[in-house]
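Reading through the structure tokens given below for one structure.
In my numbering, the protein residues as written are 2 to 349.
In structure tokens, the structure reads:
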């Protein structure tokens, strides 16, 4: 690999900063409608290399209760921050250089003029936050990010699972202009921002690109399992958690569905696989159905940073990252990854 002297690069950029024309600021899409929506989903995600299980198999993945949240109006960048935009922040002394200059198969990806309009990578979340501050913005919260990716869904039947046009199952994405390795195995590098015809959603007439692919994106706050997934764990006795039963243990699977603690508070008990023919699988006491102010749920302390969205290196074993409600954490926070970039947001 070609080794680049980062100190000399910094000096070069700083020497050129004075008098150069700044890059154009990213046009933002304003989100003023559909601010009360459902965060999360009842459907578990299966990667492309996994066999999807059903309620009848008794060994399906656990899905936790979704949460109704309420946002304040905000704006979000229509595309991910580019190498050129970030270089200018470095040149002005407000940003640190990326921790790496190469993409997956391309050397000098960061500084080459060929890739100036491609998303910047190899940044920690703190470095992304510094850029957004420089631009007079901030990172979007994961609630804002998911609202844009999943749409203004007041009901789960309305929520997008993917931001890819015409795709409701991941296998339908193959061959489309989407920078996710599984979808198009020619995408060995990030792609130019706003170049995808398929990975795009619209808000108020403005197209927003690459929420599902190209690079994954840092979002504000720290990873918090508690509010979205396991806040209710332990509220029911262990004998009521059907996921502790082995699939072949018929008695356990029957007994857990008759959980008296859950039946006594039926309206509050979240069950998976409820249908006319099934009594469902109790998981926990779910949240109140009243919307929660999303800003009160953002966790600011912890050692796990949050990223959202799929990327150009996602193979069949991690395609769930492209699902609009998938959440994953990165540790340590200052590692810098070649598949994570970011976009900025701001209050309205």
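All C-beta atoms, glycine included, are put in the ideal place defined by N, C-alpha and C.
Asked, Found
"Sub-8 Å separation of residue 33 and residue 349 beta-carbons", "yes"
"Reference residue 261; option with closest CA among 276, 248, 282 and 246", "282"
"Through-space distance from residue 318 to residue 51, alpha-carbon basis", "8 Å"
"Assigned exposure category for residue 173 - 16 Cβ within 10 Å defines buried", "exposed"
"Sub-8 Å separation of residue 167 and residue 339 beta-carbons", "no"
"Complete beta strand (DSSP E) runs within the segment 175-205 (minimum length 3 residues, chain order)", "201-204"
"Assigned secondary structure, residue 101 (DSSP; H/G/I helix, E/B strand, else coil)", "coil"
"Three-pair Cβ contact test at 8 Å for the segment 107-121 versus the segment 74-88", "yes"
"Residue 186, buried or exposed, once every other Cβ within 10 Å from all chains shown has been counted against 16", "exposed"
"Per-residue burial, residue 294 [other beta carbons within 10 Å of its own, 16 or more giving buried]", "exposed"
"Pair within 8 Å by beta-carbon distance, residue 95 and residue 131", "yes"
"Inter-residue Cα distance where the pair is residue 183 and residue 212", "16 Å"
"Simplified DSSP state of residue 132, which is helix, strand or coil", "helix"
"Pair within 8 Å by beta-carbon distance, residue 202 and residue 313", "no"
"Cβ distance (whole Å) where residue 147 is taken to contact residue 326 below 8 Å", "6 Å"
"Secondary structure of residue 14, DSSP reduced to three states", "Unreliable positioning characterises residue 14 in this predicted model, as indicated by a pLDDT of 45, which lies under 50. The coordinate reading is nonetheless provided below. In the structure shown, residue 14 sits in a helix (DSSP, three-state: H, G or I)."
"Residue 104 beta carbon less than 8 Å from that of residue 345", "no"
"Residue 92: first and last residue of the uninterrupted alpha helix (DSSP H) it sits in", "84-92"
"Residue ranges of each alpha helix (DSSP H) within the segment 241-300, 4 or longer", "251-257 and 261-264"
"Cβ of residue 256 within 8 Å of any chain E Cβ", "In the displayed structure, chain E is absent; only one protein chain is listed."
"With 16 other Cβ atoms within 10 Å as the buried cut-off, status of residue 197", "buried"
"Member of 176, 296, 164 and 337 whose CA lies at the smallest distance from the CA of residue 322", "164"
"Three-state secondary structure assigned by DSSP to residue 69", "strand"
"Contact check, residue 244 vs residue 54, beta carbons under 8 Å", "no"
"Where the beta strand (DSSP E) through residue 146 begins and ends", "Segment 143-151 is the alpha helix (DSSP H) holding residue 146; no beta strand (DSSP E) there."
"Burial state of residue 84 (16 or more Cβ within 10 Å)", "buried"
"Contact test: residue 218 Cβ vs the ligand ATP heavy atom, cutoff 7 Å", "This structure does not include the ligand ATP; it has no bound ligands of any sort."
"Inter-residue CB distance, residue 292 and residue 71 (contact presumed, cutoff 8 Å)", "4 Å"
"Sequence-distant residues of the same chain with beta carbon closer than 7 Å to residue 329, five excluded per side", "308 and 322"
"6 Å Cβ shell around residue 47 - same chain, five flanking residues per side excluded", "53"
"Residue 162 vs residue 275 beta-carbon contact at 8 Å", "no"
"Beta-carbon proximity of residue 263 to residue 253, cut-off 8 Å", "no"
"Rounded separation between residue 298 and residue 36 - CA only", "15 Å"
"8 Å Cβ cutoff met for residue 223 and residue 134", "no"
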